[in-house]
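In what follows, a single structure is set out as structure tokens and then discussed.
Here it is as structure tokens:
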């Protein structure tokens, strides 16, 4: 693997090896010394043209725990605000000797474009409404641990497959890069994805994604193994995609009433940041079967696994 | 053809001897932690722990220590799969016995020292190996050696364990042959 730009670039063995290694990486979190030497001497530049707390921080922690030098560049306060082009900015950082770029940008396809310009490895940390592959990987990791817990009583057992598991992804699918990456990844892992959204928030071409699409959340919930709620971006409210916040919550929010209708073994995911009271009620966010914080903790482990896979070996190294 | 230098019966005698030697050196099983280095060190450590328990009548702490990320040749090779590290609680002030299949350059054990340093501070670290084929590149020696094996540079010394390979043996495979 040279870059991680899209879940569509991965094959099954790569996905499984990323998820398996993340299990080992997660153990580092409970160690007295949270440090592995694998990426000593590597330089990872996190370059974020959009705001982010958890993605940027977890990439930074992941890099540091693997002993890489990590540097954060945000668009604010960089030469980008002086009008420098994306290409010149990236070539400048590349020339300084960065080994990898973790990039978030508001334009779909930005990460792929950068990968064509630079020498370094590129990891897509969110490009517009296109993709967010490490989010989908950490979602898959968290779900897999959950399925193993349900099946074996412990998350330590052998990884459980996704076959036959019904994953409902609910909310603003139109503006979501998380949903696209998850759909692509589940195409590899074999989970059965159901998309739930008001018709105004469905992306064009969704009928070709090979997923069931509906606007009836209540019909889907009793059979779902995972309910993944997506954030309704408040800036969309003015866009006329739905009448009012309250009406959205009534039709598409995970309310306390809907919580009671879930299977006993079902679990709740949310990529964050959450709008409590809009797409997810506080009761659901903090429920015993909510995996929201597991997702955050998995984020570091999965990103360590990604960085290890891309950077541990010198390019062209022969066995 | 692979040459068998130790067969299953000899293999089991050797393990018995090593178990007794570990107990003798340590004056019993108290404070002992056996850590197997993946892959085959894990099975060997498990067998030794079973034998020590039989002899002493009390269980001995057992774990695994993967050293992949501590290797000094990580960069020079394609991405290596990482094995499992699992410790039976704290190793502070314990006597850790590292268990590996073949001792050769000594670099694996050198990396194991670095890995242990990140995990705690044992009172002492000892090394038990099934086969020692010499040609050290670091000043490292084993406390318990199953069998000293003479092999030429291009030859491969393998320790086979029944859990993974269907039989217990130490074999030498010649140059250019598949194992």
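Protein chains in written order, with our numbering: chain A, 1 to 319; chain B, 320 to 498. Even for Gly, the Cβ is constructed at its ideal location relative to N, Cα and C. All values derive from a computational prediction rather than experimental measurement.
Which residue comes first and which comes last in the beta strand (DSSP E) that contains residue i?
i: residue 419 of chain B; result: 414 to 422
i: residue 463 of chain B; result: 463 to 467
i: residue 136 of chain A; result: Run containing residue 136 of chain A: none in the beta strand (DSSP E); it sits in the alpha helix (DSSP H), 133 to 152.
i: residue 428 of chain B; result: Per DSSP, residue 428 of chain B belongs to no beta strand (DSSP E); it is in the alpha helix (DSSP H), 426 to 438.
i: residue 166 of chain A; result: 166 to 170
i: residue 477 of chain B; result: 475 to 479
i: residue 227 of chain A; result: 226 to 229
i: residue 33 of chain A; result: Segment: none, residue 33 of chain A is in no beta strand (DSSP E) and carries neither H nor E.
i: residue 333 of chain A; result: Outside the shown range of chain A, which is 1 to 319, sits residue 333 of chain A, and nothing can be said about it.
i: residue 244 of chain A; result: Run containing residue 244 of chain A: none; DSSP gives neither H nor E here.
i: residue 268 of chain A; result: 267 to 269
I need the DSSP call for residue i, collapsed to helix, strand or coil.
i: residue 498 of chain B; result: Confidence at residue 498 of chain B is low in this model, with a pLDDT of 44, below 50, so the placement of that residue is unreliable and no value is reported for it.
i: residue 19 of chain A; result: helix
i: residue 1 of chain A; result: coil
i: residue 296 of chain A; result: helix
i: residue 403 of chain B; result: coil
i: residue 388 of chain B; result: helix
i: residue 313 of chain B; result: Outside the modelled stretch of chain B, which goes from 320 to 498, sits residue 313 of chain B, for which no answer is possible.
i: residue 290 of chain A; result: strand
i: residue 320 of chain A; result: There is no way to answer for residue 320 of chain A, as the model of chain A reaches only from 1 to 319.
i: residue 212 of chain A; result: strand
i: residue 382 of chain B; result: strand
i: residue 280 of chain A; result: strand
i: residue 255 of chain A; result: coil
i: residue 319 of chain A; result: The predicted model places residue 319 of chain A with a pLDDT of 43, which falls under 50 and marks its position as unreliable, so this point remains unresolved.
i: residue 121 of chain A; result: strand
i: residue 204 of chain A; result: coil
i: residue 451 of chain B; result: strand
i: residue 333 of chain B; result: helix
i: residue 304 of chain A; result: helix
i: residue 249 of chain A; result: helix
i: residue 442 of chain B; result: coil
i: residue 322 of chain B; result: strand
i: residue 483 of chain B; result: helix
i: residue 327 of chain B; result: helix
i: residue 460 of chain B; result: coil
i: residue 488 of chain B; result: strand
i: residue 28 of chain A; result: helix
i: residue 192 of chain A; result: strand
i: residue 411 of chain B; result: coil
i: residue 7 of chain A; result: helix
Since residue i and residue j should fall inside the 8 Å C-beta cutoff, what is the C-beta to C-beta distance between them, to a whole number of angstroms?
i: residue 99 of chain A; j: residue 44 of chain A; result: 7 Å
i: residue 301 of chain A; j: residue 22 of chain A; result: 4 Å
i: residue 271 of chain A; j: residue 178 of chain A; result: 5 Å
i: residue 227 of chain A; j: residue 211 of chain A; result: Not confirmed; about 15 Å, so no contact.
i: residue 489 of chain B; j: residue 434 of chain B; result: Going by Cβ atoms, the distance from residue 489 of chain B to residue 434 of chain B rounds to 26 Å, so no, they are not a contact pair.
i: residue 308 of chain A; j: residue 110 of chain A; result: The pair is not a contact, with the Cβ atoms about 24 Å apart (cut-off 8 Å).
i: residue 262 of chain A; j: residue 133 of chain A; result: The Cβ separation is near 28 Å, so there is no contact.
Specify, as a first and last residue, the run of the alpha helix (DSSP H) that residue i falls within.
i: residue 218 of chain A; result: 217 to 220
i: residue 398 of chain B; result: First-last for residue 398 of chain B: undefined, no H or E at that position.
i: residue 179 of chain A; result: 177 to 189
Open item on the list: Check whether the region 136 to 154 of chain A and the region 82 to 91 of chain A are in contact - that is, three or more C-beta pairs closer than 8 Å.
Closed with: No, they do not touch.
Task: Start-end ranges of the alpha helix (DSSP H) lying completely within the region 344 to 375 of chain B, minimum 4 residues - done: You should have 359 to 375.
Open item on the list: Threshold first: 4 residues or longer. Then list the alpha helix (DSSP H) segments lying entirely within the region 35 to 115 of chain A, N to C.
Closed with: Counting only runs of 4 or more, we get 54 to 65 and 86 to 95.
TODO: Flag this pair as touching only if the region 251 to 270 of chain A and the region 214 to 227 of chain A have three or more C-beta atom pairs under 8 Å; answer yes or no.
DONE: Taking one beta carbon from each stretch, the region 251 to 270 of chain A and the region 214 to 227 of chain A have 3 or more pairs nearer than 8 Å; the two touch.
- [ ] For the region 355 to 362 of chain B and the region 324 to 338 of chain B, state whether three or more C-beta atom pairs, one from each stretch, are separated by less than 8 Å.
- [x] Three or more beta-carbon pairs separated by less than 8 Å are not found between the region 355 to 362 of chain B and the region 324 to 338 of chain B, which leaves the two stretches without contact.
Open item on the list: Under 8 Å, with one C-beta from each stretch per pair, do the region 9 to 19 of chain A and the region 181 to 193 of chain A reach the 3-pair mark?
Closed with: The region 9 to 19 of chain A vs the region 181 to 193 of chain A: in contact.
TODO: Would you be able to state if there are at least three C-beta pairs under 8 Å between the region 452 to 470 of chain B and the region 421 to 431 of chain B?
DONE: Short answer: they touch.
- [ ] Count the CB pairs spanning the region 295 to 309 of chain A and the region 16 to 35 of chain A that are closer than 8 Å, and state whether there are at least three.
- [x] Because the criterion of three Cβ pairs below 8 Å is met, the region 295 to 309 of chain A and the region 16 to 35 of chain A touch.
TODO: Pair every Cβ in the region 141 to 151 of chain A with every Cβ in the region 71 to 78 of chain A, then say whether three or more of these pairs are closer than 8 Å.
DONE: They do not touch, by the three-pair rule.
- [ ] Flag this pair as touching only if the region 196 to 203 of chain A and the region 170 to 182 of chain A have three or more C-beta atom pairs under 8 Å; answer yes or no.
- [x] The region 196 to 203 of chain A is in contact with the region 170 to 182 of chain A.
- [ ] Check whether the region 370 to 378 of chain B touches the region 400 to 408 of chain B, counting contact only when three or more Cβ pairs, one atom from each stretch, lie closer than 8 Å.
- [x] Output reads no: the region 400 to 408 of chain B does not touch the region 370 to 378 of chain B.
Open item on the list: I'd like to know if the region 263 to 274 of chain A and the region 288 to 299 of chain A are in contact, where contact means that at least 3 CB-CB pairs between them fall below 8 Å.
Closed with: Yes, they touch.
TODO: Give a yes or no on contact between the region 34 to 48 of chain A and the region 99 to 113 of chain A, applying the rule of three or more CB pairs nearer than 8 Å.
DONE: Because the criterion of three Cβ pairs below 8 Å is met, the region 34 to 48 of chain A and the region 99 to 113 of chain A touch.
Task: Stretch pair the region 379 to 389 of chain B + the region 352 to 359 of chain B: three plus CB contacts closer than 8 Å - done: As far as the Cβ criterion goes, the region 379 to 389 of chain B touches the region 352 to 359 of chain B, which means the pair count is three or higher.
TODO: Decide if the region 461 to 468 of chain B is in contact with the region 441 to 449 of chain B; the criterion is three or more beta carbon pairs, one per stretch, under 8 Å apart.
DONE: Yes, the region 461 to 468 of chain B is in contact with the region 441 to 449 of chain B.
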